[in-house]
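Participant: Residue numbers (our numbering): 23 to 338.
Right, I'll just put the structure down here and ask away after.
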Amino acid sequence: MKDKVFDCIIIGGGPAGLSAALYCARGGVEAAIIDSSAMGGTPVNYCEIENYLGFSKIQGYELCEKFEEHVDNFNIQKFPYEEIQKIDLVSSIKKITTLNGEFLAHSVIIATGAKPKKLGIKGELENIGHGVSYCAVCDGSFYKDKVVAVVGGGNSALEEALYLTNHAKKVYLIHRRNEYRADEIVQKRVSANKKIEPVLNSTVEEILSDEKVYGIKIKDTKTNETNVIYLDGIFPYIGLEPNTEMFQSQIQLDKNGFIETDCEMKTKTQGVYAIGDVRNTPLRQVITAVADGAVAGVKVSEYLLEKKLQLQNTGK
Ligand code: NAP
């Protein structure tokens, strides 16, 4: 890539990034997508998506495959498995250094998404892959006829608890309050599922293991009483934290670390846009990520045109 300056580099090949790429391509913007893993983003690991308009039910990986196939009809260069080492977003020509080389661009769209928040308790990190998992779709089949727990009260926790009943014989659904925040339709499905046992007003204090997880210590938040639940696996789904570590000094973040943008997806750093779960959006869904990508693709194309006109006027 030496010396080549793209019109736009999109960092992140999930639904937001792929949508931005499509709109960039249609607007004549020469764009490339780089991603630290394969294209598709987090929804590849979602069991079923039921609220993407036009598809009453579709597997996450299938929808992402369709997004990528659509983008492949255009001249978009894709660079998967590019681990970013260093980044300069402040200069007029943006520079992204990966293990494989350097990418230069007149503008950047950040679509790096978010990752699962950790419980931050004893036994969690050391047992990842030995009974602690953040991906029910990836690991659910290891728990055939076993007992597992899901932690959280949002859409992710309840949907993944439902998914896990396809494999496990029992799923404890542990939530710190006495009411869930998930959509009502999902809550009704959970109530109707006999394999799910809600454990409300409870927090997980410790994950117990010898060579692998065998139980969890939970605390009743009303009485402070502790109890042990014996099980084979635990799936924390307690929300998301943004993948913004590498941008911290160059982009304005909100108090939770999400990137602040205006309604045109512009950040305070010139020529840099942010879309999808990584920005301070009121709703984190595939459909809103895709919409963000569309806005950013169009706005980048306008920004580049303006920049070009300015350069022409100043004779540069
Ligand atoms: P979320 O909606 O933020 O819910 C996080 C849940 O974890 C909350 O119930 C919260 O409890 C609990 N929690 C947070 N920190 C905790 C801690 N330290 N210990 C114990 N519990 C903790 O997160 P999410 O479910 O991952 O969803 C993230 C976003 O994606 C949301 O906007 C969601 O709507 C969206 N999403 C949508 C779909 C869909 O539409 N099909 C599917 C998945 C996700 P409190 O309720 O007490 O705060």
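Glycine included, C-beta positions come from ideal geometry on N, C-alpha and C.
Per the DSSP calculation, Leu262 is bridged to which residue(s)?
Facilitator: Indexing the sequence shown from 1 puts residue 262 at position 240. Its beta-bridge partners are Pro138.
Participant: Would Val226 and Leu141 qualify as a contact pair, given that the criterion is a beta-carbon distance under 8 Å?
Facilitator: As a working mapping, residue 226 is identified with position 204 in the sequence shown. As a working mapping, residue 141 is identified with position 119 in the sequence shown. Yes, these two residues count as a Cβ contact at 8 Å.
Participant: Are the beta-carbon atoms belonging to Val193 and Val170 less than 8 Å from one another?
Facilitator: Taking the first residue of the sequence shown as position 1, residue 193 is located at position 171. Taking the first residue of the sequence shown as position 1, residue 170 is located at position 148. Yes, the pair counts as a contact, with Cβ atoms nearer than the cut-off.
Participant: Assuming contact is defined by CB atoms lying nearer than 8 Å, are Leu184 and Asn200 in contact in what I supplied?
Facilitator: The residue labelled residue 184 in the question sits at position 162 within the sequence shown. The residue labelled residue 200 in the question sits at position 178 within the sequence shown. Cβ atoms of Leu184 and Asn200: not closer than 8 Å.
Participant: Please tell me whether, using a cut-off of 7 Å, the distance from the CB of Ala190 to the nearest non-hydrogen atom of the ligand COA is below it.
Facilitator: The ligand content of the structure shown is limited to the ligand NAP, which means the ligand COA is not among them.
Participant: Grouping DSSP H, G and I as helix and E and B as strand, with all else coil, what is Ser129?
Facilitator: Within the sequence shown, numbered from 1, the residue matching residue 129 stands at position 107. Strand, per DSSP.
Participant: Would you kindly report the start and end of the unbroken beta strand (DSSP E) that includes Pro220?
Facilitator: Locating residue 220 in the sequence shown gives position 198, counting from the first residue. Segment Ile218 to Val221, the beta strand (DSSP E) holding Pro220.
Participant: Tell me whether Cys69 sits in a helix, a strand or coil according to DSSP, three-state version.
Facilitator: On the sequence shown, position 47 is the one that residue 69 refers to. Here Cys69 sits in coil by DSSP.
Participant: Determine whether the beta carbon atoms of Val173 and Pro258 lie at a separation below 8 Å.
Facilitator: Working through the sequence shown from its first residue, we reach residue 173 at position 151. Working through the sequence shown from its first residue, we reach residue 258 at position 236. Going by C-beta atoms, Val173 is nearer than 8 Å to Pro258.
Participant: Using DSSP's beta-bridge definition, name the partner residues of Tyr74.
Facilitator: One-based indexing of the sequence shown puts residue 74 at position 52. In DSSP, Tyr74 forms a bridge with Phe77.
Participant: I'd like the ranges of any beta strand (DSSP E) spanning at least 3 consecutive residues and lying wholly in the region 293–329.
Facilitator: Fully enclosed beta strand (DSSP E) runs of 3 or longer: 294–296.
Participant: Which residue wins for smallest C-alpha separation from Gly82, given the options Pro65, Asn188, Glu91 and Lys88?
Facilitator: Here residue 82 is taken as the residue at index 60 of the sequence shown, counted from 1. When the alpha-carbon of Gly82 is set against those of Pro65, Asn188, Glu91 and Lys88, the nearest one is in Pro65.
Participant: For Glu104, does the three-state DSSP call read helix, strand or coil?
Facilitator: As a first step, residue 104 is located in the sequence shown; it is residue number 82 there, counting from the start. In the structure shown, Glu104 sits in coil (DSSP, three-state: anything other than H, G, I, E or B).
Participant: Taking the C-alpha atoms as reference points, what is the distance between Thr187 and Tyr252?
Facilitator: For the purposes of this step, residue 187 is taken as residue 165 along the sequence shown, with counting starting at 1. For the purposes of this step, residue 252 is taken as residue 230 along the sequence shown, with counting starting at 1. The alpha-carbon atoms of Thr187 and Tyr252 are separated by roughly 17 Å.
Participant: Unbroken beta strand (DSSP E) runs of length 3 or more, entirely within the region 150–232: which are they?
Facilitator: 169–173, 192–196, 218–221 and 224–231
Participant: Could you check whether the Cβ of His128 sits closer than 7 Å to any heavy atom belonging to the ligand NAP?
Facilitator: Position 106 of the sequence shown, counted from the start, is the residue given in the question as residue 128. Every heavy atom of the ligand NAP is 7 Å or more from the Cβ of His128, so no.
Participant: Give the secondary structure of Phe280 by DSSP, where H, G and I count as helix, E and B as strand, and everything else as coil.
Facilitator: Indexing the sequence shown from 1 puts residue 280 at position 258. Coil, per DSSP.
Participant: Give the single residue among Leu326, Lys137 and Ile31 whose Cα lies nearest to the Cα of Glu124.
Facilitator: As a working note, residue 124 is residue 102 in the sequence shown. When each option's Cα is compared against that of Glu124, the closest is Ile31.
Participant: Expressed to the nearest angstrom, what Euclidean distance is found between the alpha-carbon atoms of Glu105 and Gly237?
Facilitator: Here residue 105 corresponds to residue number 83 of the sequence shown, with the count starting at 1. Here residue 237 corresponds to residue number 215 of the sequence shown, with the count starting at 1. Rounded to the nearest angstrom, the gap between the Cα atoms of Glu105 and Gly237 is 36 Å.
Participant: Assuming Ile109 and Leu126 form a contact by the criterion Cβ under 8 Å, report the distance between their Cβ atoms to the nearest whole angstrom.
Facilitator: Residue numbering aside, residue 109 sits at position 87 when the sequence shown is read from its first letter. Residue numbering aside, residue 126 sits at position 104 when the sequence shown is read from its first letter. About 12 Å separates the two Cβ atoms, so there is no contact after all.
Participant: Of the residues Lys100, Ser224 and Val130, which one's Cα is nearest the Cα of Asp244?
Facilitator: In the sequence shown, residue 244 corresponds to position 222, counting from 1. The amino acid occupying residue 244 in the given sequence is Lys; Asp does not appear at that position. Among Lys100, Ser224 and Val130, the Cα nearest to that of Lys244 belongs to Ser224.
Participant: Taking 7 Å as the cut-off, is the C-beta of Ile80 nearer than that to any heavy atom in the ligand NAP?
Facilitator: Start at 1 with the first residue of the sequence shown, and residue 80 comes out as number 58. Result no, Cβ not under 7 Å from the ligand NAP.
Participant: Can you list, in chain order, the residues of its chain whose CB lies under 8 Å from that of Glu87, leaving out five sequence neighbours each side?
Facilitator: The residue labelled residue 87 in the question sits at position 65 within the sequence shown. Excluding residues up to 5 positions away in sequence, Gly62 lie with their Cβ nearer than 8 Å to the Cβ of Glu87 in the same chain.
Participant: According to DSSP, simplified to helix, strand and coil, what is Lys88?
Facilitator: Here residue 88 is taken as the residue at index 66 of the sequence shown, counted from 1. In the structure shown, Lys88 sits in a helix (DSSP, three-state: H, G or I).
Participant: Nearer than 7 Å: is that true of the beta carbon of Lys139 relative to any heavy atom of the ligand NAP?
Facilitator: Within the sequence shown, numbered from 1, the residue matching residue 139 stands at position 117. Indeed, a heavy atom of the ligand NAP lies less than 7 Å from the Cβ.
Participant: Straight-line CA distance for Asn335 to Ile273?
Facilitator: Start at 1 with the first residue of the sequence shown, and residue 335 comes out as number 313. Start at 1 with the first residue of the sequence shown, and residue 273 comes out as number 251. Cα-Cα distance, rounded: 29 Å.
Participant: What first and last residue would you give for the beta strand (DSSP E) that runs through Cys30?
Facilitator: Counting from 1 along the sequence shown, the entry for residue 30 is found at position 8. Element bounds for Cys30: Val27 to Ile33.
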